[in-house]
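**Student:**
Residue numbers (this note's numbering): 1412 to 1575.
1) Looking only at DSSP bridge pairs, what is residue 1553 linked to?
2) My output table needs one value for residue 1615: the three-state DSSP class, helix, strand or coil.
3) Could you tell me whether the Cβ atoms of residue 1571 and residue 1430 are closer together than 8 Å?
4) Quick one: is residue 1551 buried, meaning 16 or more other Cβ sit within 10 Å of its Cβ, or exposed?
5) Drop a sphere of 10 angstroms on the beta-carbon of residue 1544, count the other beta-carbons inside from all chains shown, and report buried for 16 or more, exposed for fewer.
6) Can we say the stretch 1436 to 1455 touches the stretch 1552 to 1570, given the rule of at least three CB pairs closer than 8 Å?
7) With the cut-off set at 8 Å, would you say residue 1476 and residue 1413 are in Cβ contact?
8) Quick check: the Cα distance between residue 1459 and residue 1542, rounded to an integer number of angstroms?
9) On the criterion of 16 or more Cβ atoms from any shown chain inside 10 Å, does residue 1501 qualify as buried, or is it exposed?
10) Which word fits residue 1424, buried or exposed, when buried means at least 16 other C-beta atoms lie within 10 angstroms of its C-beta?
11) Along the chain, where does the alpha helix (DSSP H) containing residue 1509 start, and where does it finish?
12) Are the Cβ atoms of residue 1540 and residue 1554 separated by less than 8 Å?
13) Who are the Cβ neighbours of residue 1467 in its own chain at under 6 Å, not counting the five residues just before and after it?
14) For residue 1415, collect the residues of the same chain with a Cβ closer than 8 Å to its Cβ; drop the 5 residues on either side in sequence, then sort them by chain order.
Structure, rendered in structure tokens:
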């Protein structure tokens, strides 16, 4: 069962175009050995506005809106500001929100920042991508998909640990 989970995770992670632009493809990443933040830094990945999203295109959503909303969410939920309010840890704030299912507070913060009423947390995530410099727009990984990959890597890391 554990080996099947690892195999399925690797299969899922192998589909992303991002793998062609990084030294270590996502399917080779073991979160027992390296944190996601360290991986993002080492591979020179960064979160960027999704130019294919109409809300970004008409300047209704900016990266600052997302950062300010994330900071407000961290304060509202009494999370460790020193850790979560570092812009490199934005992915950790978004992962925390995804895992804990408390999307509405973040949606409310984004609505306050932008004046646009978002329907879902995924709508906000789809305003962002993760990419390397000069990556074509079509190869950029939507942040909603990246978070699913991150959750998959967490499950894979647990399975790898159990298999030892």
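Note that beta-carbon positions come from the ideal geometry of N, C-alpha and C, so glycine has one too. Values in this document were obtained by computation on a predicted structure and should not be read as measured data.
**Tutor:** To lay it out plainly:
1) DSSP, once it has assigned bridges, lists 1540 as partnering residue 1553.
2) Past the boundaries of the shown model lies residue 1615; the chain is included only from 1412 to 1575, so the question cannot be answered.
3) The answer is no: Cβ separation not under 8 Å.
4) A buried status is given to residue 1551, since no fewer than 16 other beta-carbon atoms sit within 10 Å of its beta-carbon.
5) When all chains shown are included, residue 1544 counts as exposed.
6) Put simply, the stretch 1436 to 1455 touches the stretch 1552 to 1570. At least three CB pairs are less than 8 Å apart.
7) Against a cut-off of 8 Å, the Cβ pair of residue 1413 and residue 1476 comes out as no contact.
8) Separation of residue 1459 and residue 1542 (C-alpha to C-alpha, rounded to the nearest whole angstrom) is 7 Å.
9) Buried: at least 16 other Cβ atoms inside 10 Å.
10) Looking at its Cβ environment, which holds 16 or more other Cβ atoms inside 10 Å, residue 1424 is buried.
11) The continuous alpha helix (DSSP H) containing residue 1509 extends over residues 1501 to 1511.
12) Yes. Within cutoff.
13) Hits under 6 Å: 1460, 1461, 1538.
14) Taken in chain order, the list of residues that qualify is empty.
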